[in-house]
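Colleague: Sharing a structure with you now.
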Amino acid sequence: MGDRIAGFLNKKPWHPSSFRNQEKTWLAEQRAEKEEAALRERIAEIKKEKEEEESRSGGGWVAAADNPVCKPASSNAPKRSGAADLLARARPAGASTDKEMKRTKAAAQQKDALKRADEKRKAENAEKRRRKKAKKRQAAADASPPPPVAPPPAHAVAAAPPAPHAVAAAPAPPNAVAPAAFANDGSFLEQARRALEASKKEGG
Numbered sequence: 001m002g003d004r005i006a007g008f009l010n011k012k013p014w015h016p017s018s019f020r021n022q023e024k025t026w027l028a029e030q031r032a033e034k035e036e037a038a039l040r041e042r043i044a045e046i047k048k049e050k051e052e053e054e055s056r057s058g059g060g061w062v063a064a065a066d067n068p069v070c071k072p073a074s075s076n077a078p079k080r081s082g083a084a085d086l087l088a089r090a091r092p093a094g095a096s097t098d099k100e101m102k103r104t105k106a107a108a109q110q111k112d113a114l115k116r117a118d119e120k121r122k123a124e125n126a127e128k129r130r131r132k133k134a135k136k137r138q139a140a141a142d143a144s145p146p147p148p149v150a151p152p153p154a155h156a157v158a159a160a161p162p163a164p165h166a167v168a169a170a171p172a173p174p175n176a177v178a179p180a181a182f183a184n185d186g187s188f189l190e191q192a193r194r195a196l197e198a199s200k201k202e203g204g
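Right, dumping it as structure tokens:
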């Protein structure tokens, strides 16, 4: 019965007593122990390097300040703070500075390139929008009919003077006699006679 239960529980991935979970736990503990041992070794190396540096510099700036008997190697030597010493030991002079300058320069160039690309894209989009609007305006102007001519107002038509050709000729009175038509036959006497007869008729 117990073997059956153990076999059943070993098949469950969530059970802490299963062989697979025990193996995972053991491997994790081994990795943690190795990392801790490596960390202790690194701390010991750093302490050893620091002691050697202090022994070479005459006890270090802390020992020189605490112990007045221990004097620095040169009285004219510039005094540096502990932070400066740590930075000087952490990285060699000039090595990482050049790398930082290169990285900064590359980042600035990349930023400028992105900015130029963004400005170019904005200008292209603005030009496309402008052309699109111009095409729409042109299409609307071509499609729209000419505006209708509004008729003049009634008071303007009444006040407008009649056109010269629109004035009708006054009708002749009914008793008016048409002038005599003279025959142009070359006879002066005949023309004079007819003119005299016409004048008599008008006088009578």
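The UniProt record's numbering numbers the first residue of the sequence shown as 1 and each following residue consecutively. Note that the Cβ used here is the ideal one computed from N, Cα and C, for glycine as well.
Roughly how many angstroms separate the alpha carbons of Gln22 and Glu41, rounded to a whole number?
Modeller: 29 Å
Colleague: Grab me the residues of Arg20's own chain with a C-beta within less than 6 Å of its C-beta, minus the 5 sequence neighbours each way, in chain order.
Modeller: No residues qualify anywhere along the chain.
Colleague: Expressed to the nearest angstrom, what Euclidean distance is found between the alpha-carbon atoms of Glu51 and Lys111?
Modeller: Each residue's alpha carbon lies about 45 Å from the other.
Colleague: For Arg56 and Glu45, what's the separation of their Cα atoms in angstroms?
Modeller: So the alpha carbons of these two residues sit roughly 17 Å apart.
Colleague: Quick one: what does DSSP say Ser187 is sitting in, helix, strand or coil?
Modeller: For Ser187, the secondary structure class from DSSP, reduced to helix, strand or coil, is coil.
Colleague: Taking the alpha-carbon positions, what's the Trp26 to Ala38 distance?
Modeller: Their Cα atoms are separated by approximately 19 Å.
Colleague: Out of curiosity, what's the CA-to-CA distance linking Arg130 and Glu124?
Modeller: 10 Å
Colleague: Report the rounded CA-to-CA distance for Ala192 versus Lys201, giving the unit in angstroms.
Modeller: 14 Å
Colleague: On the three-state DSSP scale, how would you describe Ser199?
Modeller: helix
Colleague: Let's see if you can read the secondary structure: which residues bound the alpha helix (DSSP H) around residue 218?
Modeller: This structure cannot settle anything about residue 218, because the visible part of the chain is limited to 1 through 204.
Colleague: When you compare only the Cα positions, how much space is there between Ser17 and Arg103?
Modeller: 52 Å
Colleague: Given this structure, state the Cα-to-Cα distance separating Ala141 from Leu114, to the nearest angstrom.
Modeller: Their backbone Cα atoms lie some 41 Å apart in a straight line.
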